[in-house]
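As C-alpha cells, the structure follows; a few thoughts come after it.
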Amino acid sequence: MDLALAAKNLKKLFNWRVIFRDISFDVPQGKTLLITGRNGSGKSTLVKIISGVLAPTSGSVSISGVAARKGDGRHDVLGLVSPYLQMYDEFSASENVQFALAIRGLKPDGGRVDELLNRVGLYERRNDAVRTYSSGMKQRVKYAFALAHRPPVLLLDEPMSNLDAEGISIVRDIMSRQRNEGILVVATNDLTDIDHYDLRVDLNAAT
Amino acid sequence: MRQHESVRGSWGSSVLAILRKDWQSELRTRYAISALLMFVITTISIILFSLGSEGAPAEVLSGMLWVVIFFAAMSGLSRTFVMEEERGTAMTLQLLAPPSAVYFGKLLFNLVLIAGVNLLTVALYSLFINGFIIKTASIFIITITLGSIGFAAAATIIAAIIARASTKGTLYPVLSFPILLPLLLTVINATRLAAEGAFFEEAYGEFQILISYIVVVIATSFIVFDFVWKD
Chain Z
9 MDLALAAKNL
19 KKLFNWRVIF
29 RDISFDVPQG
39 KTLLITGRNG
49 SGKSTLVKII
59 SGVLAPTSGS
69 VSISGVAARK
79 GDGRHDVLGL
89 VSPYLQMYDE
99 FSASENVQFA
109 LAIRGLKPDG
119 GRVDELLNRV
129 GLYERRNDAV
139 RTYSSGMKQR
149 VKYAFALAHR
159 PPVLLLDEPM
169 SNLDAEGISI
179 VRDIMSRQRN
189 EGILVVATND
199 LTDIDHYDLR
209 VDLNAAT
Chain D
8 MRQHESVRGS
18 WGSSVLAILR
28 KDWQSELRTR
38 YAISALLMFV
48 ITTISIILFS
58 LGSEGAPAEV
68 LSGMLWVVIF
78 FAAMSGLSRT
88 FVMEEERGTA
98 MTLQLLAPPS
108 AVYFGKLLFN
118 LVLIAGVNLL
128 TVALYSLFIN
138 GFIIKTASIF
148 IITITLGSIG
158 FAAAATIIAA
168 IIARASTKGT
178 LYPVLSFPIL
188 LPLLLTVINA
198 TRLAAEGAFF
208 EEAYGEFQIL
218 ISYIVVVIAT
228 SFIVFDFVWK
238 D
C-alpha cells in the first residue's frame, strides 16, 4: 500500500469553543501540505492531532490507510519539529539523537548521529549539553532529532523559528529533500513559499 | 524514492531506552536520589534521637521502618513524571513511544530507585536502631522485595496522574496514602512476623495479598495509563 496521510472530518473543541471543524485532506507520497491561519486558529493543535499527541474531538487521522487512534503506531513513521517540543537539555545533542534512535529500536550508531548533526551544523558542539545552546541551536537539534529514523512523514510547525540565515538554508534543504522522498506538512504564518506546496488547509475558514 | 529506515519498533527496546535515559538523567541532575537519601538519613536520625538507647517493641519498629520508606518514596518517586512535565519533554516522549512502553520504562526506573532506598534504609535501620532484629530472614527478604515492587507500581501511576496538577507536591502524598494503605498494612504485618521469628508458612497470607496488590495495580495502570498520559 502506498504511503499516504489522510484526515477525515477533524473537529476540535476546547471547553466547548470550536477551534476548527470539518478538516479533511489526503496527502499522497511525494506531496506537500501547507497549514495556514491566523494566531489562535489551531495550526499547532492540528499538527498535534496529526502527530498523535492530541486526540481530536471527532474525526480521524490515518497514515498509509491504517487508522491510528491517539497516535499509536505513528511513533515510527512521523518526525515532528515544533516550538512545543523540548529536548532533554541535560543531555548533549548527540545523546538526544541517540535516544531518538534507541527508543524506536534502532541501533544508535555514531555514524548516523554524526551525519545528522553535521547536516544541521552542530557537529562541532555535538557533545555539549543542550542547555548551553542558543535558541537557534536548540531548533537545529530538533531537526536532527526528528530526522533520526528517516521518517516518511515530516511535520514542521513554524519551521524557521529562531533560525539564522544559515539555519534557514539548512531547513530549506531538509524540506526540499522531504518533498522528493516522503510527505511534508508545514504549519506557518509565513506565506513566502506558498506556491511550493501542493495542498493547503486554511484554518481561518474552518471555525 | 528513498527507502525509509526500517524501524523495528520493539516495545522492549523502548522500555529499556526510557529506563536508560531516566537513569542517566538522574545521575546528572540527582533530583530524586538527593531527595530520597536526605529523607532516609534525616528520618532515621530523628528516630534514633527519639528512642535513645531504650529501643521499642518489634511491631512499633516494623511500622516505623515502613513509615520511613513511605515518606522517602513520596519525596522522590514522583520526579520521573513531574520532571517530564516541568521541562516540557512529556510531549517529546508521547511522540516517541507507545504509552505502555513509557509506563513500564518509568516503573522500572522507580523500581530501581525504591529498591536502592529500601536496601539503604534497612541497612541503616539495622545498624543504628536498637532492638530491630530480624529472626526470619526469608520472610523479611520477600516482604522487602514485594513491598518495593508494590510501592514502585502504585507510585508510578499516581505520579503520572498528578504530574499535570498545579499542586502536585501536596497532592502526591494525599492521593498515595489511601492507595498505598493496603500495601503498608500488609508489609508492616509481614515485617513484624519476620522480627518475631514466625515460621515462613505463617506469612503466606501476607505474601498472597502483596502479590494480588501488585498484579491489580500494574494491570489497572496498564489499562488507564493511555488516558492519563495523553491529552
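Chains as they are written, first to last, in the working numbering: chain Z, 9 to 215; chain D, 8 to 238.
All residues carry an ideal CB built from backbone N, CA and C; glycine is no exception.
Nothing here was measured: the structure is a model prediction, and the numbers come from that model.
Between the alpha carbons of residue 19 of chain D and residue 54 of chain D lies a distance of about 42 Å.
For the 8 Å CB-CB criterion, residue 162 of chain Z and residue 190 of chain Z form a contact. Judged by pairs of C-beta atoms under 8 Å, the region 81-89 of chain D does not touch the region 202-218 of chain D, as fewer than three such pairs exist.
Remark: C-beta atoms of residue 109 of chain D and residue 25 of chain D approach each other more closely than 8 Å. Taking a C-beta cut-off of 8 Å against chain Z, the contacting residues of the region 35-53 of chain D are 35, 36, listed in chain order.
Rounded to whole angstroms, the gap between the alpha carbons of residue 49 of chain D and residue 41 of chain D is 12 Å. DSSP places residue 36 of chain Z outside any alpha helix (DSSP H); the residue lies instead in the beta strand (DSSP E), whose first and last residues are 25-36. In the structure shown, residue 137 of chain Z falls within a strand segment according to DSSP collapsed to helix, strand and coil.
Contact of residue 120 of chain D with chain Z by beta-carbon distance below 7 Å is absent, the smallest such distance being about 17 Å. Distance from the CA atom of residue 103 of chain D to the CA atom of residue 111 of chain Z, rounded to whole angstroms, is 7 Å. The Cβ atoms of residue 47 of chain D and residue 79 of chain D lie closer than 8 Å to each other. Neighbours of residue 98 of chain Z in chain D, taken as residues at a C-beta separation under 8 Å, are given in chain order as 32, 35, 36. For residue 59 of chain D, there are no neighbours in chain Z by C-beta distance under 8 Å, as the nearest C-beta there is about 43 Å away. DSSP, reduced to helix, strand and coil, places residue 174 of chain D outside both helices and strands of the structure shown, so it counts as coil. For residue 194 of chain Z, no alpha helix (DSSP H) run applies; the uninterrupted beta strand (DSSP E) run containing it begins and ends at 191-195, by DSSP. Residue contact check for residue 48 of chain Z against chain D: no CB pair falls below 8 Å. Residue 64 of chain D and residue 203 of chain D have their C-alpha atoms some 10 Å from each other.
Put simply, the CB of residue 129 of chain Z is far from chain D, with every gap to its CB atoms at 8 Å or more. In this structure residue 157 of chain D does not touch residue 230 of chain D by the C-beta definition: roughly 18 Å separates them, more than the 8 Å allowed. Closest option to residue 198 of chain D, judged by alpha-carbon separation, among D:237, D:147, D:136, D:36: D:147. For residue 51 of chain Z, the enclosing alpha helix (DSSP H) stretches over residues 51-59. Contiguous beta strand (DSSP E) elements confined to the region 146-201 of chain Z occur at 161-165, 191-195, taking only those with 3 or more residues. Shown in chain order are the members of the region 18-31 of chain D whose Cβ falls below 7 Å from a Cβ of chain Z: 20, 21, 24, 25, 28.
Taking a C-beta distance under 8 Å as the contact criterion, residue 84 of chain D and residue 120 of chain D qualify as a contact pair. Judged by pairs of C-beta atoms under 8 Å, the region 36-46 of chain Z touches the region 201-210 of chain Z, as three or more such pairs exist. A distance of 8 Å or more separates the beta carbons of residue 114 of chain D and residue 172 of chain D. DSSP places residue 47 of chain Z outside both helix and strand once states are collapsed to three, so it counts as coil. The beta-carbon of residue 108 of chain Z is placed less than 8 Å from the nearest beta-carbon of chain D. Residue 22 of chain D and residue 98 of chain Z have their C-alpha atoms some 20 Å from each other.
Straight across, the Cα-Cα distance linking residue 86 of chain Z with residue 164 of chain Z is about 11 Å. Rounded to whole angstroms, residue 170 of chain Z and residue 23 of chain Z show a C-alpha spacing of 32 Å. Partner residues in the beta bridge of residue 16 of chain Z, as assigned by DSSP, are Z:68. For residue 92 of chain Z, at least one C-beta of chain D is nearer than 8 Å to its own C-beta. Listed in chain order, the non-local C-beta contacts of residue 152 of chain Z below 6 Å within the same chain comprise 105, 124, 125, 128, local neighbours out to five positions each way being set aside. In the structure shown, residue 130 of chain Z falls within a coil segment according to DSSP collapsed to helix, strand and coil. Of the other Cβ atoms in all chains shown, 16 or more fall within 10 Å of the Cβ of residue 125 of chain D; this residue is therefore buried.
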